[in-house]
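To start, the structure under review is shown below, and the notes come after it.
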Amino acid sequence: MGVNESRTSVKKYHMHKIDENIFIGDQYSVQNESELKSHGIKHILQLFDVPANEKMYNLCIRPLPRGKTFSVIPYLQDCLRFINEAESKGEKVLVHCKWGKNRSAIVLIAYYMAKKGWTYEHAVEFIKKKRAIDPSLRLKNQLISAGKELSSYLTLCEEITNVA
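In terms of UniProt numbering, the numbers along the sequence shown are unbroken and rise by one, the last being 164.
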């Protein structure tokens with residue numbers, strides 16, 4: 001079975017299921033509400049700034065800038081917390097950016113590094129089995145440098161969730 005055959009895709013490859021509760025997509029993945037509903041998606045993490053439907057979903061908009069000097073690390077804590085809160089309730093979350101290949105991939109790579117203690121490479125390979133991604137070398141280096149700091153973001157997220 002080829003890589004493309006093993007990918008669980010939704011509607012013309014705009015959205016892919018990564019695991020039980022996590023989906024990754026592009027800007028078009030949020031436009032088909034019937035598909036979102038059919039997959040039970042209740043939470044959307046949007047990584048670029050465009051108008052979105054806040055009425056039907058728990059929506060978190062965290063625009064990640066594009067540029068050569070941009071650091072993704074300061075944005076990750078909110079993103080990881082949002083994903084973790086949805087997943088801890090057994091609810092489905094869609095993480096998307098404009099093309100669904102770089103920013104959304106970086107956030108999910110960071111999530112799996114933090115949640116499961118995976119290396120950058122392991123997280124990339126896991127996601128690539130489900131969707132073609134192309135994380136930038138600059139953002140890759142930032143995640144590798146952050147390393148164990150990422151798991152502390154998730155620990156903090158779980159402490160906040162348990163207190164609330």
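We put the beta carbon where it would ideally sit given N, CA and C, even for glycine.
Since the structure is predicted, the reported quantities are computational estimates derived from the model, not experimental observations.
By the neighbour-count definition (other C-beta atoms within 10 Å, threshold 16), P65 is an exposed residue.
By the Cβ criterion, the segment 70-77 is not in contact with the segment 119-130, since fewer than three pairs of Cβ atoms, one from each stretch, lie closer than 8 Å. D19 carries a strand assignment under DSSP once its states are collapsed to helix, strand and coil.
Taking C-beta separations shorter than 6 Å and ignoring five residues to either side along the sequence, the partners of S151 in its chain run A114, following chain order. Here the segment 90-99 makes contact with the segment 42-50; the two share three or more CB pairs at distances below 8 Å. Counting C-beta pairs with one atom in each stretch, the segment 29-44 and the segment 132-151 have fewer than three that are closer than 8 Å, which means they do not touch. Distance check between G40 and each of S104, D134, E91 places E91 closest, using alpha-carbon atoms only. With a 10 Å radius around the Cβ and a threshold of 16 neighbouring Cβ atoms, L137 comes out exposed.
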